[in-house]
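Step one of this worksheet: look at the structure below.
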Amino acid sequence: KNQVEQSPQSLIILEGKNCTLQCNYTVSPFSNLRWYKQDTGRGPVSLTIMTFSENTKSNGRYTATLDADTKQSSLHITASQLSDSASYICVVSDSNSGYALNFGKGTSLLVTP
Amino acid sequence: EAQVTQNPRYLITVTGKKLTVTCSQNMNHEYMSWYRQDPGLGLRQIYYSMNVEVTDKGDVPEGYKVSRKEKRNFPLILESPSPNQTSLYFCASSSYPSANTEAFFGQGTRLTVV
Numbered sequence: 090k091n092q093v094e095q096s097p098q099s100l101i102i103l104e105g106k107n108c109t110l111q112c113n114y115t116v117s118p119f120s121n122l123r124w125y126k127q128d129t130g131r132g133p134v135s136l137t138i139m140t141f142s143e144n145t146k147s148n149g150r151y152t153a154t155l156d157a158d159t160k161q162s163s164l165h166i167t168a169s170q171l172s173d174s175a176s177y178i179c180v181v182s183d184s185n186s187g188y189a190l191n192f193g194k195g196t197s198l199l200v201t202p
Numbered sequence: 002e003a004q005v006t007q008n009p010r011y012l013i014t015v016t017g018k019k020l021t022v023t024c025s026q027n028m029n030h031e032y033m034s035w036y037r038q039d040p041g042l043g044l045r046q047i048y049y050s051m052n053v054e055v056t057d058k059g060d061v062p063e064g065y066k067v068s069r070k071e072k073r074n075f076p077l078i079l080e081s082p083s084p085n086q087t088s089l090y091f092c093a094s095s096s097y098p099s100a101n102t103e104a105f106f107g108q109g110t111r112l113t114v115v
């Protein structure tokens with residue numbers, strides 16, 4: 090069964106600090122991996138999309154990495170801001186089932202002053 | 002502005018009273034889908050549609066119906082809502098799914114069934 094596991098479940102950091110969120114998956118055959126940011130009560134917004142051949146992708150202060158061999162990804166947030174407080178969701182798509190999206194449960198990040 | 006619009010944003014209803022949540026996108030996307038999000042469970046797909054008049058079940062379709070009569074609209078219908086359908090619902094759209102297709106989500110509909 091396709092699974093996407095994220096860690097930690099929640100995280101509290103001080104404003105200005107860096108942090109790294111983890112995602113492990115068992116989705117096969119792999120198509121792409123996405124990171125979404127979801128503010129409380131709002132729809133997810135895409136941060137990055139990576140295919141099999143990409144091992145890093147940046148979007149401003151967000152940098153995602155992908156190791157397709159070990160089926161792991163990370164999202165690194167640099168110089169965190171209060172507005173980074175949100176849930177970060179790892180989503181992996183497989184090419185068999187019409188590119189269906191397999192969602193992780195998310196990491197809840199709180200950035201404090 | 003490219004967007005997915007859901008209505009209503011908030012809805013409280015009683016058990017058994019039929020309701021419809023609308024979803025509309027202005028990006029001429031072929032693919033649309035509905036998800037529900039519950040605490041500790043993440044997003045789960047209810048139904049999806051590859052194009053007009055083409056719909057299929059997702060992971061949790063029981064108790065829901067959908068229709069795709071026009072490309073831009075994909076309403077979610079609860080014929081007889083029950084309390085276990087209390088949840089946060091999201092509609093999403095994208096062009097035909099491929100390795101790099103971007104998915105856009107609506108703002109969500111918080112439904113409470115009492």
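Protein chains in written order, with my numbering: chain A, 90 to 202; chain B, 2 to 115. C-beta atoms are modelled at their ideal positions from N, C-alpha and C, and glycine is treated no differently.
Unbroken beta strand (DSSP E) run spanning residue i, endpoints
i	result
G43 of chain B	43–52
H30 of chain B	Segment: none, H30 of chain B is in no beta strand (DSSP E) and carries neither H nor E.
R111 of chain B	110–114
S145 of chain A	Note that residue 145 of chain A is Thr in the sequence shown, not Ser. Residues 145–148.
A93 of chain B	88–95
E94 of chain A	93–96
K126 of chain A	119–127
A175 of chain A	175–183
L12 of chain B	11–14
Cβ of residue i within 7 angstroms of any chain B Cβ
i	result
K194 of chain A	yes
Own chain, CB closer than 7 angstroms to residue i, minus 5 neighbours either side, in chain order
i	result
L103 of chain A	T201
Q108 of chain B	Q7, R10
N85 of chain B	none
Chain C within 7 angstroms of residue i, Cβ atoms only
i	result
Q108 of chain B	Any reference to chain C falls outside this structure, whose protein chains are A and B.
Residue i at chain A interface by Cβ criterion, 7 angstroms
i	result
F75 of chain B	no
L44 of chain B	yes
N101 of chain B	yes
Chain-order list of residues whose beta-carbon lies under 8 angstroms from that of residue i (same chain, five-residue window excluded)
i	result
P62 of chain B	I47, Y48
Q90 of chain A	A small fix is needed here, since residue 90 of chain A is Lys in this sequence, not Gln. Result list for K90 of chain A: T115, in chain order.
Close-in-space but distant-in-sequence residues of the same chain around residue i (CB under 6 angstroms, 5 per side omitted)
i	result
N191 of chain A	N91, V93, V116, V181
Q111 of chain A	S96, S163
S197 of chain A	S99, S176
A93 of chain B	S34, A104, F106
Requested in this report: May I ask you to list, following chain order, the residues of the stretch 111–138 of chain A that have a beta carbon less than 9 angstroms from some beta carbon of chain B?
Outcome: S120, N121, R123, Y125, Q127, G130, R131, G132, P133, V134, S135, I138
Report task. Check each residue of the stretch 137–154 of chain A: if its Cβ is closer than 7 angstroms to any Cβ of chain B, include it; give the result in chain order. Result -> I138, T140
Query raised in the report: Is it a yes or a no for the stretch 153–168 of chain A touching the stretch 5–16 of chain B, going by three-plus beta-carbon pairs under 8 angstroms?
Result: no
Query raised in the report: Is the stretch 68–84 of chain B close to the stretch 25–39 of chain B, with three or more CB pairs under 8 angstroms?
Result: yes
Query raised in the report: Counting Cβ pairs, one atom from each stretch, are 3 or more of them under 8 angstroms apart for the stretch 87–97 of chain B and the stretch 167–183 of chain A?
Result: no
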